[in-house]
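329 is the number that my numbering gives to position 74 of the sequence shown; each next residue is one higher, with no gaps.
We put the beta carbon where it would ideally sit given N, CA and C, even for glycine.
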Amino acid sequence: MKVASFNVQRFGENKVSDKNVLSSLIKIISRYDIIVILEVVDVKGKAMKKFLEELNKVNKSSPYVMKMSCRLGRTSYKEQYMFLYREDVVKLIDTYQYEDNQEGDEDAFAREPYILRFTCDNIALDDLVIIPVHTKPEDSFKEVDELYDVTMKVRDKWNTDNIMILGDFNADGAYVSKSKMKKIRIRTDTNFHWLIEDDVDTTASTGNDNTYDRIVVYSDKMVEAIVPNSAKPFNFQEEFGLTEEMALEVSDHYPVEVELTKASKKKRGPEEPPSKPVKTKRKPRS
């Protein structure tokens, strides 16, 4: 089962009405059983309904269901998280809009995570909780650190350690230094495992090689449920033979994806260390 996150830059009416962009988005999203789309700016709500209709025209045998957050943001500019999942593969059992009201630390997130909990008979987990995030770049250090509190809240709420955090962390380049990364709790706590390594480019622009998009899982059990080397960005520009200009019309980010093992797959023994994800499209480091 494949899971992904994709920041589809300002995803709204304009992109759905562009036939070439629409075609590329449908091909990308059809790769996954669960995907969370970031930066949805469909104020009227009509464009995403239209997109779902077009997506399911080419996925008739395994159609998608859409689940969206409310519009989130501190200013007049707001975004939504949009989950698309195949209803014959997974079952949605609960949702939780993070309240972001910790005493003394209220409103830590510009766009509070909208969290979904699934079950699936075909994977080696009893359930799967997905926490999406799209940080405000200037506040990314604080927001990524606060994901620790979100995770602990979800663990207590649903009594599960099968948790995946994914999305656009904006935790690289000018926004978060290497020294600051070492102070982030989900980075220092060894229960959290970062599946996309620090020198992997997740951006579609040649002018930017930052690792903005991430997948982080909680607990060794989650690591054991990951297909080795499956966590990586999907370079749709290269895969579809697009020019950089054409790719950027789709988005300035690549999706990041990961695959979960099937339920029948033999579990790794305790003496066998988990495999690290494949290193893809490395960027130079000084």
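Own chain residues within Cβ distance below 7 angstroms of residue i, not counting five before or after
i: Val405; result: Tyr353, Pro368, Ile386
i: Lys549; result: Because the chain is modelled from 256 through 541, residue 549 falls outside the range shown and cannot be assessed.
i: Val313; result: Ile281, Ser285
i: Tyr473; result: Thr406, Asp416, Ile418, Asn446, Phe447
Supposed contact pair residue j and residue i - C-beta distance, whole angstroms, cut 8 angstroms
i: Ile281; j: Ile290; result: That belief does not hold up - the Cβ atoms of Ile281 and Ile290 are roughly 12 angstroms apart, past 8 angstroms.
i: Phe306; j: Val271; result: 5 angstroms
i: Phe489; j: Ser279; result: Between Ser279 and Phe489 the Cβ distance is about 12 angstroms, and since that is not below 8 angstroms, they are no contact.
i: Ile481; j: Val513; result: 6 angstroms
i: Met256; j: Ile378; result: 5 angstroms
i: Lys397; j: Ala363; result: 6 angstroms
Nearest-angstrom Cα separation, counted from residue j out to residue i
i: Glu393; j: Asp456; result: 20 angstroms
i: Asp355; j: Gly496; result: 42 angstroms
i: Phe424; j: Ser331; result: 22 angstroms
i: Ser432; j: Thr415; result: 32 angstroms
i: Lys346; j: Tyr430; result: 37 angstroms
i: Tyr319; j: Thr516; result: 21 angstroms
i: Asn262; j: Met321; result: 16 angstroms
i: Tyr351; j: Leu371; result: 6 angstroms
i: Trp449; j: Ser317; result: 30 angstroms
i: Asp273; j: Asp468; result: 25 angstroms
i: Lys301; j: Ile418; result: 31 angstroms
i: Arg329; j: Thr458; result: 26 angstroms
i: Asp444; j: Val384; result: 19 angstroms
i: Ala213; j: Ile451; result: This structure leaves residue 213 out entirely; the chain is present only between 256 and 541.
i: Ala518; j: Leu380; result: 7 angstroms
i: Gly359; j: Lys437; result: 23 angstroms
i: Thr498; j: Lys408; result: 43 angstroms
i: Ser460; j: His508; result: 8 angstroms
i: Leu339; j: Asp288; result: 8 angstroms
i: Asp543; j: Asp382; result: Absent from the model: residue 543. The displayed extent of the chain is 256 to 541, so no value can be given.
i: Lys487; j: Leu277; result: 23 angstroms
i: Lys520; j: Asp464; result: In this predicted model, Lys520 has a pLDDT of only 45, less than 50, meaning its place in the structure is not dependable; the value taken from the coordinates is given anyway. Those two C-alpha atoms are separated by around 36 angstroms.
i: Gln264; j: Val505; result: 7 angstroms
i: Asn311; j: Leu503; result: 24 angstroms
i: Lys315; j: Gln357; result: 44 angstroms
i: Ser485; j: Val399; result: 23 angstroms
i: Glu494; j: Val388; result: 26 angstroms
Identity of the residues DSSP links to residue i by a beta bridge
i: Lys346; result: Thr374
i: Tyr340; result: Ile289, Val320
i: Phe396; result: In DSSP, Phe396 forms no bridge with anything.
i: Ser260; result: Val291, Val511
i: Lys334; result: It should be noted that the sequence gives Glu, not Lys, for residue 334. In DSSP, Glu334 forms a bridge with Leu327.
i: Lys517; result: Ile378
i: Gly422; result: Val388, Arg469
i: Leu383; result: Phe373
i: Trp449; result: Val471
i: Tyr351; result: Ile370
i: Phe266; result: Val295
Same chain, Cβ closer than 6 angstroms to residue i, neighbours up to 5 away in sequence not counted
i: Gln335; result: Val295, Met323, Ser324, Arg326
i: Leu421; result: Ser260, Ile470
i: Asp453; result: Thr466
i: Tyr403; result: Arg440, Ile441
i: Lys391; result: Ala365
i: Met337; result: Ile292, Val295, Met323
i: Glu342; result: Val320
i: Ile348; result: Arg372, Thr374
heavy atom of the ligand COA below 8 angstroms from residue i C-beta
i: Asp453; result: No copy of the ligand COA appears in this structure; indeed no ligand is present at all.
Proximal residues to residue i (C-beta, below 8 angstroms), its chain only, five neighbours per side dropped
i: Ser395; result: Phe424, Asn425, Ala426, Tyr430, Val431
i: Gly267; result: Val295, Val296, Asp297, Val298, Ala302
i: Glu361; result: Asp355
What are the uninterrupted segments assigned as alpha helix (DSSP H) that are 4 or more residues long and contained completely in the segment 457-490, given in chain order?
Entirely contained in the segment 457-490, the alpha helix (DSSP H) runs reaching 4 residues are, in chain order, 475-479.
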